[in-house]
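Numbering (the working numbering), first residue to last: -4 to 440.
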Ligand SMILES: Cc1ncc(COP(=O)(O)O)c(C=O)c1O
């Protein structure tokens, strides 16, 4: 049985749909032992030359497994999933069913989370430079928890949401992360006292501290130092009379299984630092804002070879020198850096993608130097160069794993190429265990 429960799923709020939601997302339940590979095979078989558009398969079981791993390793830390990382409604609903909170960066993301049934108390508006109108929207919809790192932000918040619960974001060492954030956000420690004083003058409630070590963090000790710094800010804030109740340790955890530092190693360091500086009897609630961790490995992208050109090195032909030949196969696929793979130009934590052939034919050992291009009329739209693969034909399909982070949410329709359709797939076992018919029926069909 294949059940399309949410084909029209994101019609609850049209303005959200236009801005944020991937237009097309189906939920597919895998039963009778069908696997995700069976699903991909079937989908590819069904598609023909009238519809060879790229598509994602989002494995919701992986999101679930990631959550169980989180609970095992960081039992004191409640995850608030960073919506910006991948705003697929089915993912947000799954995480909501698992009782995570959500980190929203704008009115649009708050709107989307609320429209999918998330309650305002489960949202942190985790952006330190907010437009006034977005703060007012948060206020009107009961979203009280929000971050700040400057006096001007305090002033704005006091005018637009005087009852907000404020979380002071501090800058931390992000030099060991693939994508650094502290140059843009986070108060320096030597400015914290002034900020707390100003918050007091404005009659605002500072309730916690947050930091982000940068995305794709490669050194677990960075968290230890950041938690130590946060303790220092807690002590200062207590002196100013604030009731400090919340520590937010941000994101930064890779979602790839082959990443150089395992999640368990981060967890061990974080747990040690929390127990030392924020022991359970301190009464401080600990949250985090993981993005990549939950979704990166859950999404596989399927793309189609739409054109091919053999680029012959005429000089080498002339010299009869095969060895130095730079003959290359040029393939053009129907998704690229302006669509699902913008990570190749703007995400240092995801610098390469490794397409592999769907159903590679046995015995196709001969490999050719190949270039794979995206579909647009722009030469920066290149997926990979010097890639040694067997010969492909127009119409062949390639698969790319680990495509869940900062892909869907960053895609454009440049040159008129549509964004990839998303099939969110879940096993019948998980569907029943989590009683997901409740979750996905939140949406009005
Ligand atoms: C404020 C904030 N929180 C959370 C995240 C998610 O980070 P990651 O995907 O590395 O977990 C980001 C990413 O940019 C961020 O800016």
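Note that the Cβ used here is the ideal one computed from N, Cα and C, for glycine as well.
Being a predicted model, the structure only gives us computed values, none of them experimental.
| task | Could you tell me whether the Cβ atoms of residue 461 and residue 370 are closer together than 7 Å? | result | Because the chain is modelled from -4 through 440, residue 461 falls outside the range shown and cannot be assessed.
| Hey, quick one: how far does the beta strand (DSSP E) through residue 110 stretch, first residue to last? | Premise fails: residue 110 lies in the alpha helix (DSSP H), 102 to 110, not in any beta strand (DSSP E).
| field | Proximity of residue 398 and residue 296 at Cβ, strictly below 7 Å | value | Yes. Within cutoff.
| task | Compute the distance between the beta-carbons of residue 163 and residue 202, then report whether it is under 7 Å. | result | no
| Can you tell me where the alpha helix (DSSP H) with residue 36 in it begins and where it stops? | For residue 36, the enclosing alpha helix (DSSP H) stretches over residues 31 to 41.
| task | Kindly indicate which residue of 424, 246, 171, 368 has the alpha-carbon position closest to the one of residue 400. | result | Measuring from the Cα of residue 400, the nearest candidate turns out to be 246.
| query | What are the complete alpha helix (DSSP H) segments, minimum 4 residues, inside the region 45 to 89? | reply | 55 to 68
| said: Taking the straight line between their C-alpha atoms, what separation do you get for residue 354 and residue 391? | reply: 9 Å
| query | Per DSSP, which one or two residues make a beta bridge with residue 416? | reply | 50
| query | Between which two residues does the beta strand (DSSP E) containing residue 159 stretch? | reply | Where residue 159 is concerned, there is no enclosing beta strand (DSSP E), given that its DSSP letter is neither H nor E.
| Reduced DSSP secondary structure (H/G/I, E/B, other) of residue 200 | strand
| request: Excluding the 5 residues preceding and the 5 following residue 252 in the sequence, name in chain order all residues of the same chain whose CB lies nearer than 7 Å to its CB. | output: Result list for residue 252: 292, in chain order.
| Proximity to residue 90 [Cα-Cα], best of 104, 74, 128 | 74
| task | Could you give the DSSP three-state label for residue 92: helix, strand or coil? | result | helix
| Within 6 Å: the Cβ of residue 283 and any heavy atom of ligand 1? | no
| One or two residues paired with residue 233 in a DSSP bridge | Looking at the DSSP assignment, residue 233 forms no beta bridge with any residue, so it has no partner.
| said: Judging by CA-CA distance, which residue of 361, 322, 425, 418 is the nearest neighbour of residue 381? | reply: 322
| request: Quick one: grab the DSSP three-state call for residue 27. | output: coil
| task | Report yes if the C-beta of residue 247 is less than 6 Å from at least one heavy atom of ligand 1; otherwise report no. | result | yes
| field | Exposure label - residue 426; buried when at least 16 CB within 10 Å | value | Only buried fits residue 426, as 16 or more other CB atoms lie within 10 angstroms of its CB.
| Rounded C-beta distance between residue 176 and residue 211? I'm assuming under 8 Å. | Not a contact, Cβ separation roughly 11 Å.
| message | Rounded to whole angstroms, what is the Cα-Cα separation between residue 286 and residue 261? | response | Rounded to whole angstroms, residue 286 to residue 261 spans 15 Å at the Cα level.
| query | Since residue 387 contacts residue 300 with CB under 8 Å, what's their CB separation in whole angstroms? | reply | 5 Å
| Contacting residues, own chain, Cβ-Cβ under 6 Å from residue 406 (five flanking each side not counted) | 334, 335, 414
| query | Near residue 408, what residues of its chain come up, given a Cβ to Cβ distance below 7 Å and the 5 sequence neighbours on each side ignored? | reply | 414
| query | By Cβ distance, which residues of its chain are closer than 8 Å to residue 228, with the 5 residues on each side in sequence left out? | reply | 163, 165, 184, 187, 204
| Spatial neighbours of residue 15 in its chain, beta-carbon cut-off 6 Å, leaving aside the 5 residues before and after | Reliability of the predicted coordinates at residue 15 is poor, the pLDDT of 34 falling under 50, and the value obtained from them is presented with this limitation in mind. Closer than 6 Å at Cβ, skipping near neighbours: 82, 103, 107.
| Inter-residue Cα distance where the pair is residue 130 and residue 326 | So the alpha carbons of these two residues sit roughly 47 Å apart.
| Residue range of the alpha helix (DSSP H) that includes residue 154 | 146 to 155
| field | Of the listed residues 57, 71, 411, 243, nearest to residue 98 (C-alpha basis) | value | 243
| said: With a threshold of 6 Å (Cβ to nearest heavy atom), would residue 207 be considered close to ligand 1? | reply: Yes, the beta carbon of residue 207 sits closer than 6 Å to at least one heavy atom of ligand 1.
| query | Can we count residue 121 as close to ligand 1, meaning its CB is less than 6 Å from some heavy atom? | reply | yes
| C-alpha distance - residue 84 paired with residue 21, whole-angstrom precision | Approximately 10 Å between the Cα atoms of the pair.
| message | Whole angstroms are fine: how far does the CA of residue 54 sit from the CA of residue 4? | response | Low confidence applies to residue 4: its pLDDT is 36, below 50, so where it sits in the model is not reliable, and the reading given next is rough at best. Taking the straight line joining both Cα atoms gives about 18 Å.
| query | How would you label residue 376, buried or exposed, when you count the other beta carbons within 10 angstroms and need 16 or more for buried? | reply | buried
| field | residue 346 burial status per 10 Å Cβ neighbour count (16 or more: buried) | value | With fewer than 16 other Cβ atoms within 10 Å, it is exposed.
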